[in-house]
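What follows is one structure encoded as structure tokens, with my remarks underneath.
In the UniProt record's numbering, the protein residues as written are 1 to 186.
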């Protein structure tokens, strides 16, 4: 039986997915296309790979790979080799993908995020979920235990040692870990 938090999360999730599905349908794309476009619009440069998308969405790499091929053919995304490691292929939104995402997002109910207590509560729920399910990763750099302040223009990732632009602290990273958590070996 679901507890109180699970009941509210289930309802919130159902409402959110329902409006996403409708917005995607109105643009002639599948829900997974919207999820991928949203993800690519908020992920950092460590996290824009097919494997990261597969992990984030909890879908098989084969299923995501097929969807990405279709999205590339339709002009919504593009693949580029990583500048640091040519074996890695990075995924990026195209102008067409950004425009499609913007149209879908405009159809969805906008949730104000100016309530710090609400944002903190949601982060606490996510942290508890990840700890209880040994499932870490995918959070904003700003809330990661590896996030280190550096200058007004940059911050340092303590995991990679790289200095990143200040605005990237709001992006999603697959290597994210909340303070007090450890990566699962699962």
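By construction, the Cβ of each residue, glycine as well, lies at the ideal position given by its N, Cα and C atoms.
If distances are taken between C-alpha atoms only, which option among the options comes closest to residue i?
| i | options | result |
| --- | --- | --- |
| residue 30 | 61, 7 and 68 | 68 |
| residue 9 | 129, 93, 87 and 150 | 129 |
| residue 15 | 143, 109 and 166 | 109 |
| residue 75 | 61, 85, 84 and 91 | 91 |
| residue 27 | 48, 82 and 102 | 102 |
| residue 160 | 173, 96, 32 and 124 | 173 |
| residue 124 | 41, 139 and 70 | 139 |
| residue 100 | 115, 158, 71 and 126 | 71 |
| residue 176 | 73, 144 and 133 | 144 |
| residue 132 | 180, 7 and 64 | 180 |
| residue 21 | 64, 167, 105 and 58 | 105 |
| residue 64 | 115, 122 and 36 | 36 |
| residue 107 | 7, 95 and 17 | 17 |
Can you give the Cα-Cα distance for residue i and residue j, rounded to whole angstroms?
| i | j | result |
| --- | --- | --- |
| residue 78 | residue 117 | 38 Å |
| residue 12 | residue 38 | 18 Å |
| residue 165 | residue 46 | 13 Å |
| residue 187 | residue 88 | With the chain represented from 1 up to 186, any question about residue 187 goes unanswered, as that position is not in the structure. |
| residue 32 | residue 19 | 13 Å |
| residue 66 | residue 48 | 16 Å |
| residue 127 | residue 56 | 15 Å |
| residue 73 | residue 4 | 44 Å |
| residue 134 | residue 7 | 21 Å |
| residue 115 | residue 86 | 42 Å |
Given residue i, which residues of its chain have a CB within under 8 Å of its CB, disregarding the five upstream and five downstream residues?
| i | result |
| --- | --- |
| residue 162 | 156 |
From the DSSP output, which residues share a beta bridge with residue i?
| i | result |
| --- | --- |
| residue 147 | 157 |
If the criterion is Cβ atoms closer than 9 Å, does the pair residue i and residue j meet it?
| i | j | result |
| --- | --- | --- |
| residue 171 | residue 43 | yes |
| residue 24 | residue 34 | yes |
| residue 148 | residue 137 | no |
| residue 41 | residue 93 | yes |
Only counting the same chain, and skipping five residues up and downstream in sequence, which positions put a Cβ closer than 7 Å to that of residue i?
| i | result |
| --- | --- |
| residue 150 | 156 and 163 |
| residue 168 | 44 and 141 |
| residue 61 | 50, 51 and 54 |
Ordered along the chain, which non-local residues of its own chain (more than five positions away) have a Cβ less than 6 Å from that of residue i?
| i | result |
| --- | --- |
| residue 153 | 166 |
| residue 146 | 157, 158 and 159 |
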